[in-house]
Amino acid sequence: GMVMRADVLAAAIDHARVEEADTPLIYLSPRGEPLTQALAAELASGPGALLLAGRFEGIDERVIAGRRMREVSIGDYVLSGGEVAAMVLIDASVRLLPGVIGAEGSLSEESFEGGLLEYPHYTKPREWEGLTIPEVLLSGDHKKIAEWRRREAERITAERRPDLVRPLKPRA
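Heads up: the sequence shown begins at 16 in the working numbering, then just goes up one per residue.
Right, dumping it as structure tokens:
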């Protein structure tokens, strides 16, 4: 298949970096390091980045090496191009910038913060199709609610993403 040319890509990159030559370069690629919440936070706290969304068979390997590009993947699958992956990376990072999310305190309770998936959420009505809101959430006891949320986050993480569960260190 077609590969994006090294000379053309390098010229575009160099032109885009005229003002800030040390802007990080990221190539969205299925063979890259996984996009994680930690990486999104790293990018959100940095100077910005120049994203390259590949097409066709990809880009000439010499550009990756010659411009010291960081390869990032959004998952174990292949897309038609890197544009959607770039949008995912942008959204995951930009939402962490101050002022983007209205209730910034809620960011600390989201999935992947603290290494766990997020706990379940409920709203009105109190009962729906025979399913009810857990009583602890209606109790008003903030300590018990926090404990329930933590247990539920741990349970869901163990069930759905056991790869995120860190093994316990043996006690000395």
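For each residue, glycine too, the CB sits at the ideal point set by N, CA and C.
Inset, instruction - Pick out the complete beta strand (DSSP E) segments inside the region 52-139, 3 residues or longer, and give them in chain order. - result: Correct list: 65-68, 85-88.
Inset, instruction - Within its chain, find whatever has a CB closer than 7 Å to the CB of Met17; leave out the 5 residues flanking it on each side and keep chain order. - result: Sequence index remark: in the sequence shown, residue 17 carries index 2 (1-based). The answer, listed in chain order, is Phe71, Glu72.
Legend entry - Trp143 - partner residues in DSSP beta bridges: Against the sequence shown, residue 143 aligns to sequence position 128. In the DSSP assignment, Trp143 forms a beta bridge with Leu146.
Legend entry - Simplified DSSP state of Pro177, which is helix, strand or coil: To locate residue 177, count along the sequence shown from 1; it is residue 162. In this structure, Pro177 counts as helix in the three-state DSSP scheme.
Inset, instruction - Kindly indicate which residue of Leu43, Ser154, Gly130, Gln52 has the alpha-carbon position closest to the one of Arg181. - result: Taking the sequence shown and counting its residues from 1, one reaches residue 181 at position 166. Ranking Leu43, Ser154, Gly130, Gln52 by Cα distance to Arg181 puts Gly130 first.
Legend entry - Inter-residue Cα distance where the pair is Asp37 and Ile160: The residue labelled residue 37 in the question sits at position 22 within the sequence shown. The residue labelled residue 160 in the question sits at position 145 within the sequence shown. Their Cα atoms are separated by approximately 46 Å.
Inset, instruction - Report yes or no: do the region 93-107 and the region 52-72 share at least 3 C-beta pairs separated by less than 8 Å? - result: With the cut-off at 8 Å, the region 93-107 and the region 52-72 touch.
Inset, instruction - Return the CA-CA distance between Ser44 and Glu57, expressed in angstroms with no decimal places. - result: Sequence index remark: in the sequence shown, residue 44 carries index 29 (1-based). Sequence index remark: in the sequence shown, residue 57 carries index 42 (1-based). The straight-line gap from Cα to Cα measures roughly 19 Å.
Inset, instruction - In the DSSP assignment, find the unbroken alpha helix (DSSP H) run with Leu24 in it and report its ends. - result: What you label residue 24 is simply residue 9 of the sequence shown in a count that begins at 1. For Leu24, the enclosing alpha helix (DSSP H) begins and ends at 21-31.
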